[in-house]
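Each residue of the sequence shown is one higher than the last, beginning at 21 in my numbering.
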Amino acid sequence: MRITTNTLYSNFLYHQQNTLTGLNKVSNQLSSGMKIDKIYDDPTVFTNTLRLDNESNSLTQVLNTSKTAQTFADNTDTTLNDMTQTLETFKTKLLQAANADNSDTSYGALANELEGLRNHLKTLANTSIDGKFIFSGTSFNTKPISDNGDYNGNDKRIKAKLGSDVNVPYNIDGTSLFEGIDRDYSKHISTNIKHFDMLKANPKFVVEQDGKKYIDKDIKAHNKNAASDDDPVQESLSTDSEIRMLTGVNDIYNATNDTYSDGTSYFYVTGRKPNGDTFNEKFSLSNSAKIDDLIERIGQAFGNTPTNKAVDVTMNQFGQFEIKDTTTGKMVTDFNMIASDTDETSIDDVITNGDYAVSFVKSNFPPERDIAKPIAQNKDFDNRVFTLNSEFRTIDKETFAKKTDKIFNVLGAKGLNEANSPATRETLDHIRLTGTDTNGNSVSTTLNIDSSTTMDDLIQKIKDNYGDVDVYLEDGKLTIFDNTIEKDEHSKLTLIMDAQNSSDESLSMFGRKDGITNDKTKFNVNGRLVTSNVAQVDKNNQTYATKDTRLIDVSGNDDIDGKKIDINYADKDGNIKRAYITLRDTADTNGHLCTFTTIADDGTETVYDIYDNEGNKTPIHDVTTVTQELDPQTCELCNVTHTTKGITYKQLNDVIGMLVSNDLPQDSDGDGTYSYNEYKTANDDSKQYVETGLKNGKIYINDKKHANTQIKFEMHDHDTDNYDGKSAPVFTFNSNNAITIDEPKVDIFHQLDEIIQSVREGRARMDGDENNPRDIGIQAGIELIDHIQDHVIKKHTEIGAISKSLQNTQDRTNMLIVHTETLKSDVIDVDMAQASLELNKLTLNYQAMLSTISKVNGLSLVNYMK
Numbered sequence: 021m022r023i024t025t026n027t028l029y030s031n032f033l034y035h036q037q038n039t040l041t042g043l044n045k046v047s048n049q050l051s052s053g054m055k056i057d058k059i060y061d062d063p064t065v066f067t068n069t070l071r072l073d074n075e076s077n078s079l080t081q082v083l084n085t086s087k088t089a090q091t092f093a094d095n096t097d098t099t100l101n102d103m104t105q106t107l108e109t110f111k112t113k114l115l116q117a118a119n120a121d122n123s124d125t126s127y128g129a130l131a132n133e134l135e136g137l138r139n140h141l142k143t144l145a146n147t148s149i150d151g152k153f154i155f156s157g158t159s160f161n162t163k164p165i166s167d168n169g170d171y172n173g174n175d176k177r178i179k180a181k182l183g184s185d186v187n188v189p190y191n192i193d194g195t196s197l198f199e200g201i202d203r204d205y206s207k208h209i210s211t212n213i214k215h216f217d218m219l220k221a222n223p224k225f226v227v228e229q230d231g232k233k234y235i236d237k238d239i240k241a242h243n244k245n246a247a248s249d250d251d252p253v254q255e256s257l258s259t260d261s262e263i264r265m266l267t268g269v270n271d272i273y274n275a276t277n278d279t280y281s282d283g284t285s286y287f288y289v290t291g292r293k294p295n296g297d298t299f300n301e302k303f304s305l306s307n308s309a310k311i312d313d314l315i316e317r318i319g320q321a322f323g324n325t326p327t328n329k330a331v332d333v334t335m336n337q338f339g340q341f342e343i344k345d346t347t348t349g350k351m352v353t354d355f356n357m358i359a360s361d362t363d364e365t366s367i368d369d370v371i372t373n374g375d376y377a378v379s380f381v382k383s384n385f386p387p388e389r390d391i392a393k394p395i396a397q398n399k400d401f402d403n404r405v406f407t408l409n410s411e412f413r414t415i416d417k418e419t420f421a422k423k424t425d426k427i428f429n430v431l432g433a434k435g436l437n438e439a440n441s442p443a444t445r446e447t448l449d450h451i452r453l454t455g456t457d458t459n460g461n462s463v464s465t466t467l468n469i470d471s472s473t474t475m476d477d478l479i480q481k482i483k484d485n486y487g488d489v490d491v492y493l494e495d496g497k498l499t500i501f502d503n504t505i506e507k508d509e510h511s512k513l514t515l516i517m518d519a520q521n522s523s524d525e526s527l528s529m530f531g532r533k534d535g536i537t538n539d540k541t542k543f544n545v546n547g548r549l550v551t552s553n554v555a556q557v558d559k560n561n562q563t564y565a566t567k568d569t570r571l572i573d574v575s576g577n578d579d580i581d582g583k584k585i586d587i588n589y590a591d592k593d594g595n596i597k598r599a600y601i602t603l604r605d606t607a608d609t610n611g612h613l614c615t616f617t618t619i620a621d622d623g624t625e626t627v628y629d630i631y632d633n634e635g636n637k638t639p640i641h642d643v644t645t646v647t648q649e650l651d652p653q654t655c656e657l658c659n660v661t662h663t664t665k666g667i668t669y670k671q672l673n674d675v676i677g678m679l680v681s682n683d684l685p686q687d688s689d690g691d692g693t694y695s696y697n698e699y700k701t702a703n704d705d706s707k708q709y710v711e712t713g714l715k716n717g718k719i720y721i722n723d724k725k726h727a728n729t730q731i732k733f734e735m736h737d738h739d740t741d742n743y744d745g746k747s748a749p750v751f752t753f754n755s756n757n758a759i760t761i762d763e764p765k766v767d768i769f770h771q772l773d774e775i776i777q778s779v780r781e782g783r784a785r786m787d788g789d790e791n792n793p794r795d796i797g798i799q800a801g802i803e804l805i806d807h808i809q810d811h812v813i814k815k816h817t818e819i820g821a822i823s824k825s826l827q828n829t830q831d832r833t834n835m836l837i838v839h840t841e842t843l844k845s846d847v848i849d850v851d852m853a854q855a856s857l858e859l860n861k862l863t864l865n866y867q868a869m870l871s872t873i874s875k876v877n878g879l880s881l882v883n884y885m886k
């Protein structure tokens, strides 16, 4: 083979280029530390490096996010720890208030300390980090707790994105913290009027026969002597005490054989079972029965059986009945009870007939004015004292009436004439007083009423016509004192008061006596706000009702077709009016489903349909209809499902708003009906004046135009006073009901305010005091503070777990970052030792190649001619 110079040169250039390329590559690897510089150097390495870079960046983002979240969680943890310690101090002070023999000054000082702790808790609740309030949910710029203890944030959780489809919450929202529900707690309620042994408290009226004691309030008339000369004492009752000792109901004296037998006490019990069903029950017990028998009967009303208990019923040392759910997580249990000496069909009859009545719950709520003829009752243990079975309050402010108050501002200028149907509201003309005076003489006299007539004029009229009597008006009670007899002697005095129109027809104008009523009570008024006291609870999931909750989900009975809800109210201008709501699933003859009806003074009724947002008339339950409609795309008939939702609390509150604002649908086309558009216009207009809604399940009305509203509102189930076991109220909005000591739901700052108020007033336990009868008392406050502490500790534990989880995430992420960087290093980073060896090898090869080429190039023909 002939090797030419050109061939040698070509080979030299080829090997030189390859060697230089290799040297350049290795030099670049040594200087950059990476295997490739360009994508085309090695696409596989580049792709794997890009993938690992993305994973590393993602992990770094997760790490940074988790660190930010943990910082937030740690700040929350620190704040909740401070809250827990503050609550522990609060409890210590509360126990000091409960255990020590404190003076009013001491109670005041302790209350001030507790208030300081409460304010510190509020400061902690309003903690902000980097300008963000940590307990406002996602409303970072909203201060969570206002001065009155209301929560203003939302219930949203802040979430950290820690991976694909991995979103971890790292805050404690204020709704769950300050207004949360603990499903491991049971509802605990109690009556608030104290009861002691009636026999020990009234020994002058106790007789003894065959070793057994009886009550005889006409002891002198029966020529009997008291069983003892003991002084009256306050002695606690026990479950083994006799019913007469609790109720004070008179026993029966038989004049024929001069013997005594047991009287009968009648109990009117109403309430709601833990499952949400309501009940009205009446039962009787012999005066010689035991209180333990009464406790058993109360339990049966709640659904207790020999094998299953729905509630535990007990009586404490102060004669107050306590009821506690045996299951946890329920929030609907409710209770009220009245005892009497008379078997009546309803509580209304007990009230209007002036029967002896024993109250177990007192609330100081302004009652409905629906009594026509109050009677002076004399069935207590002082035969000189007669008290009208009515309560006198002013109409404008609902405060207890005084002598100087005008009759028109106590009874009103108009009352209901229930002889007409519907009842008409007619002008009060006079009050007729009938009965007998202290000498037994018949009395019939009239007090004419005009705008100047005062309560003192009424008092003087009684004094002038009923003999030797004193008349007092105190705390809303009109009391007549017979000066002609001793305490245990029989009085001849009787009195009936009858408000009448100019035609001598009776008008219902007198208020019910507090304590002897249940749900016919007015909402509380505070400035511009009008609120109910009974939370509406969805019985299906045991949560507070919201605007979207259907009424049927709260109802104590699923069969409410045709049910009516009566409404008595004063509108925004103070005009007294009435209305009612009718609930229907089946349209009436006029096509009405759920409606509300206003009643004019002359009895004229105007019916308005209740519509939903789509213009449908509203039923009670959801109604689903299927219609055939033309599909615009296929031009074929197809079945389309339409659902009309049952009436909701939003619609109920819309109706309330239209009523109190006096913005009612107008019959603009004169057809005698009210369309959806007319309904919507009235509803929209009403919102200029009032806001209505639910707060913690309780209905509220906010007067937007007046700082001190003239709105008054009372709403109750229609005709549910019958205690026949069938007519239990299915809705309760405001009620003289048992006091809630504890329940699954917490409302921390309002509950702390209740506790502080109890301490400030030095009230060891609830006692039905006139000034604040629904005060829970210090003892109940201790149970409540234990729950609040436990609730906050749970949230503290929750955020601690979240913080730990976030720390674990960081540790795991750091490890993954290291692992990913290691993999990336294996893929992209050059082996420096190997590259150095490769560089040396290529350098030697290159130098050898140059040397060889140099030698070859130095050869000539002379070298071959030897």
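Note that CB positions come from ideal geometry on N, CA and C, so glycine has one too.
{"Item": "G339 and S306 - do their beta-carbons sit closer together than 9 Å?", "Value": "no"}
{"Item": "Using 8 Å for Cβ pairs, my map puts S755 next to N538. What's the rounded Cβ distance?", "Value": "6 Å"}
{"Item": "Determine the contact status of D477 and L493, defining contact as a CB-CB distance below 9 Å.", "Value": "no"}
{"Item": "When you compare each of A421, G349 and E438 to K393 by their alpha carbons, which one comes out closest?", "Value": "E438"}
{"Item": "Grab me the residues of D260's own chain with a C-beta within less than 7 Å of its C-beta, minus the 5 sequence neighbours each way, in chain order.", "Value": "K310 and D312"}
{"Item": "For the putative contact between S379 and I358, defined by C-beta atoms under 8 Å, what is the C-beta separation to the nearest angstrom?", "Value": "6 Å"}
{"Item": "Do you know offhand how far N481's Cα is from T414's?", "Value": "Correcting the residue identity first, residue 481 is Lys in this sequence and not Asn. Looking at the two C-alpha atoms, the distance is approximately 20 Å."}
{"Item": "Here's the rule I'm using: 16 or more other beta-carbon atoms within 10 Å means buried, otherwise exposed. How should M835 be labelled?", "Value": "exposed"}
{"Item": "If I measure Cβ to Cβ from M529 and keep anything under 7 Å in the same chain, skipping five residues before and after, which residues do I get?", "Value": "R389, L431, G432, G435, L448 and A519"}
{"Item": "Quick one: is T701 near chain B, going by C-beta distance under 9 Å?", "Value": "Looking at the structure shown, chain B is missing, and only one protein chain is on hand."}
{"Item": "Cα separation between F501 and A599?", "Value": "40 Å"}
{"Item": "So, at 6 Å on beta carbons, what are the nonlocal neighbours of T729 in its own chain, with the 5 sequence-adjacent residues on each side left out?", "Value": "R548 and D723"}
{"Item": "When the Cβ atoms of the segment 816-827 are set against those of the segment 203-222, are three or more pairs found closer than 8 Å?", "Value": "no"}
{"Item": "Quick one: complete alpha helix (DSSP H) runs, 4+ long, within the segment 109-186?", "Value": "124-145"}
{"Item": "Which of the three DSSP states, helix, strand or coil, is assigned to T833?", "Value": "helix"}
{"Item": "Counting only the same chain and skipping the five closest in sequence on each side, list residues whose C-beta sits under 6 Å from that of T618.", "Value": "A599 and T626"}
{"Item": "Can you tell which of M218, V333, I272 and T362 has the C-alpha that lies nearest to the C-alpha of Y286?", "Value": "T362"}
{"Item": "By the 10 Å Cβ neighbour count, where 16 or more other Cβ atoms means buried, how is V936 classified, buried or exposed?", "Value": "This structure cannot settle anything about residue 936, because the visible part of the chain is limited to 21 through 886."}
{"Item": "To the nearest whole angstrom, what separates the beta carbons of I798 and R785, a pair I think is in contact under 8 Å?", "Value": "7 Å"}
{"Item": "Use the C-beta contact count for D581: other C-beta atoms within 10 angstroms, 16 or more gives buried, fewer gives exposed.", "Value": "exposed"}
{"Item": "Out of D591, F769, G690 and Q809, which has the shortest C-alpha to C-alpha gap to Y709?", "Value": "D591"}
{"Item": "State the CB to CB distance for the pair Y127 and R780, rounded to an integer number of angstroms; the pair is presumed to be in contact (CB under 8 Å).", "Value": "6 Å"}
{"Item": "With a threshold of 16 other CB atoms inside 10 Å of the CB of M21, please say whether the residue is buried or exposed.", "Value": "Because M21 sits at a pLDDT of 45, beneath the cut-off of 50, its placement in the model cannot be relied upon, and the point is left open."}
{"Item": "Can you tell me where the beta strand (DSSP E) holding L436 begins and where it ends?", "Value": "K434 to N437"}
{"Item": "Counting C-beta neighbours from all protein chains within 10 Å, is the total for K861 16 or more, i.e. buried, or is it exposed?", "Value": "exposed"}
{"Item": "Report all residues from its chain with a CB closer than 6 Å to the CB of E734; omit the five preceding and five following residues, and keep chain order.", "Value": "E388, K542 and N588"}
{"Item": "Among M335, M517, K382 and G319, whose alpha-carbon lies nearest the alpha-carbon of D345?", "Value": "G319"}
{"Item": "With DSSP run on the structure shown, which of helix, strand or coil describes M21?", "Value": "Annotation note: pLDDT 45 at M21 (below 50); position unreliable, coordinate value reported separately. It is coil, neither helix nor strand."}
{"Item": "Where do the ends of the beta strand (DSSP E) carrying L571 lie?", "Value": "Unbroken run through L571: none, as it is neither H nor E."}
{"Item": "What are the start and end residues of each continuous beta strand (DSSP E) run of 3 or more residues lying completely inside the segment 493-540, in chain order?", "Value": "497-502 and 514-520"}
{"Item": "Confirm, please, whether the CB-CB distance from G268 to N222 is below 9 Å.", "Value": "yes"}
{"Item": "Jot down the residue ranges of each uninterrupted beta strand (DSSP E) in the segment 643-700, minimum 3 residues, whole runs only, in chain order.", "Value": "643-650 and 657-664"}
{"Item": "Which value, in whole angstroms, describes the spacing of the CA atoms of R404 and D488?", "Value": "11 Å"}
{"Item": "Relative to the C-alpha of D508, which candidate in I585, E364, A246 and T647 has its C-alpha closest?", "Value": "A246"}
{"Item": "Measure the Cβ-Cβ separation of Q809 and A131 and say whether it is below 9 Å.", "Value": "no"}
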